[in-house]
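In our numbering, the protein residues as written are 2 to 309. Note that beta-carbon positions come from the ideal geometry of N, C-alpha and C, so glycine has one too. Note that the structure is predicted; figures quoted are calculated from it, not measured.
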Amino acid sequence: MDRHSFVAGTSPYDAPDMPAGTRVRYFAPAPALAGSITAYNAYGAIDAAPRVDPFLPMMMMVNILIDAGPVSVRIRNHRYDDVPAVALYGAMTRPLVATTQGGIMIGAGISPVGWARLSRRSAVDFHNRVAPLGGLFGPHWGERVRADLAAAKDDADIPAILDRHFAPLLDTPHPYEPVIAGLGAAIANDAEVDIVTIAARLGVTTAALRRIAHSYFGMPPKLLLRRARFFRSFLREPGLVGGNGPRTIEPAYYDSSHYLRDAGSFLGTTPRRFLKQPADFLRGSLASRALTLGVAAQVLHHVDPAAH
2 MDRHSFVAGT SPYDAPDMPA GTRVRYFAPA PALAGSITAY NAYGAIDAAP
52 RVDPFLPMMM MVNILIDAGP VSVRIRNHRY DDVPAVALYG AMTRPLVATT
102 QGGIMIGAGI SPVGWARLSR RSAVDFHNRV APLGGLFGPH WGERVRADLA
152 AAKDDADIPA ILDRHFAPLL DTPHPYEPVI AGLGAAIAND AEVDIVTIAA
202 RLGVTTAALR RIAHSYFGMP PKLLLRRARF FRSFLREPGL VGGNGPRTIE
252 PAYYDSSHYL RDAGSFLGTT PRRFLKQPAD FLRGSLASRA LTLGVAAQVL
302 HHVDPAAH
């Protein structure tokens, strides 16, 4: 599959109103993997001229480049040049800014439950980082996945290929899974909950909850709750998915200045300034993800593994 065939494809789940020569598409994983994989995505651009795109902070993700020019990534002041063809993007609290030169970028979002099943490495080791995947999921796993994706005839093959490669790695539940899933549900759904309440609800100490958050979510629980609170409000900004009408912020915010302080932490600027920059892929991502999965931002996505 090359960039031309991908961009020429169409689906009712494509992001609408993308510029000519570009395309964004999201895919749901197989139901059996939905507790471990948040979604699959594909971004494509035909033109090899350099373009710069911001992306919102995310959970962990495997990113695979197909028919692509060199890619560099900036997170805050740290720059990663010549990103590997198969890379691991850690959980992030700041936007990722990618400079690309055409091609296809295919991603697989990994939930905290998925990370617990996939790796013994602590997720905090990859916080706000981009790293080569290497042998993390087994010898040559990334190379095999990339080869199969490159040989795909059609973008509709992407989810089946990724399901096939991830399924054997995700078939053994982790003993801490109920607590990991419970924390994920609280982060995604509870606007005003605190870590003491969550720990009591899950039957663990706050110290244990912090260790679990570091190991499988990549950051402390308070930071996870702040990030979710901010993006629930940010996605209501005018011009974004769900932003129909005046700005409304979470009741947990004291006032607008409180919200803007969090914007400084998670966007590095005000929402208005952030949204003034060119962001076709970002807006396309939010739209396509909402169409496919019903949740525009990955950091607010949670599926209880017990449901599957």
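Which listed residue (the options) has its alpha carbon closest to that of residue i
{"i": "proline 279", "options": "Ser12, Pro13, Pro20 and Gly10", "result": "Pro20"}
{"i": "phenylalanine 232", "options": "Ala46, Ile250, Ser289 and Tyr217", "result": "Ile250"}
{"i": "arginine 24", "options": "Ala31, Ala16 and Phe267", "result": "Ala16"}
{"i": "phenylalanine 138", "options": "Ser257, Thr101 and Ala168", "result": "Ala168"}
{"i": "tyrosine 41", "options": "Tyr27, Arg52, Pro51 and Asp48", "result": "Tyr27"}
{"i": "threonine 206", "options": "Ser234, Leu225 and Leu184", "result": "Leu184"}
{"i": "glycine 45", "options": "Asp156, Arg273 and Gly265", "result": "Asp156"}
{"i": "proline 30", "options": "Val98, Pro221, Ala161 and Arg4", "result": "Ala161"}
{"i": "arginine 4", "options": "Pro51, Leu57, Asp18 and Gly103", "result": "Gly103"}
{"i": "alanine 43", "options": "Tyr255, Pro272 and Leu66", "result": "Leu66"}
{"i": "aspartate 195", "options": "Leu224, Ser12 and Ala49", "result": "Leu224"}
{"i": "glycine 219", "options": "Val87, Gly22, Gly70 and Arg121", "result": "Arg121"}
{"i": "leucine 119", "options": "Gly70, Thr173 and Glu144", "result": "Thr173"}
Rounded separation between residue i and residue j - CA only
{"i": "proline 239", "j": "leucine 210", "result": "36 Å"}
{"i": "proline 179", "j": "alanine 201", "result": "14 Å"}
{"i": "valine 131", "j": "proline 96", "result": "13 Å"}
{"i": "tryptophan 142", "j": "arginine 228", "result": "32 Å"}
{"i": "valine 74", "j": "serine 257", "result": "31 Å"}
{"i": "valine 114", "j": "alanine 182", "result": "7 Å"}
{"i": "leucine 89", "j": "tyrosine 81", "result": "12 Å"}
{"i": "phenylalanine 267", "j": "valine 296", "result": "19 Å"}
{"i": "phenylalanine 282", "j": "alanine 152", "result": "24 Å"}
{"i": "leucine 261", "j": "alanine 124", "result": "28 Å"}
{"i": "leucine 226", "j": "isoleucine 188", "result": "5 Å"}
{"i": "alanine 264", "j": "proline 58", "result": "12 Å"}
{"i": "leucine 171", "j": "tyrosine 177", "result": "14 Å"}
{"i": "alanine 69", "j": "aspartate 18", "result": "23 Å"}
{"i": "aspartate 83", "j": "phenylalanine 235", "result": "31 Å"}
{"i": "valine 272", "j": "proline 140", "result": "This sequence places proline at residue 272; valine is not what is there. Their Cα atoms are separated by approximately 42 Å."}
{"i": "lysine 154", "j": "serine 6", "result": "8 Å"}
Under 8 Å between C-beta atoms of residue i and residue j
{"i": "leucine 34", "j": "aspartate 191", "result": "no"}
{"i": "aspartate 305", "j": "glycine 10", "result": "no"}
{"i": "proline 133", "j": "proline 55", "result": "no"}
{"i": "valine 300", "j": "methionine 60", "result": "yes"}
{"i": "valine 146", "j": "histidine 166", "result": "yes"}
{"i": "leucine 241", "j": "leucine 287", "result": "yes"}
{"i": "tyrosine 217", "j": "alanine 117", "result": "yes"}
{"i": "valine 72", "j": "threonine 94", "result": "no"}
{"i": "alanine 186", "j": "histidine 303", "result": "yes"}
{"i": "isoleucine 111", "j": "valine 63", "result": "yes"}
DSSP state of residue i mapped onto helix, strand, coil
{"i": "phenylalanine 138", "result": "coil"}
{"i": "alanine 253", "result": "coil"}
{"i": "asparagine 64", "result": "strand"}
{"i": "threonine 173", "result": "coil"}
{"i": "tyrosine 27", "result": "strand"}
{"i": "aspartate 15", "result": "strand"}
{"i": "isoleucine 38", "result": "strand"}
{"i": "histidine 5", "result": "helix"}
{"i": "alanine 69", "result": "coil"}
{"i": "alanine 182", "result": "helix"}
{"i": "glycine 219", "result": "coil"}
{"i": "glycine 108", "result": "strand"}
{"i": "leucine 97", "result": "strand"}
Residue environment, residue i, which counts as buried when at least 16 other CB atoms sit within 10 Å
{"i": "glycine 91", "result": "buried"}
{"i": "alanine 208", "result": "exposed"}
{"i": "glycine 136", "result": "exposed"}
{"i": "valine 8", "result": "buried"}
{"i": "asparagine 78", "result": "exposed"}
{"i": "alanine 99", "result": "buried"}
{"i": "alanine 148", "result": "exposed"}
{"i": "threonine 39", "result": "buried"}
{"i": "alanine 49", "result": "exposed"}
{"i": "glycine 285", "result": "buried"}
{"i": "valine 87", "result": "buried"}
Neighbour flag for residue i against chain E, beta carbons, 8 Å
{"i": "threonine 23", "result": "Here there is only one protein chain, and chain E is not present."}
heavy atom of the ligand NAP below 7 Å from residue i C-beta
{"i": "alanine 182", "result": "Annotation note on the ligand NAP: not contained in the displayed structure, which lists no ligands."}
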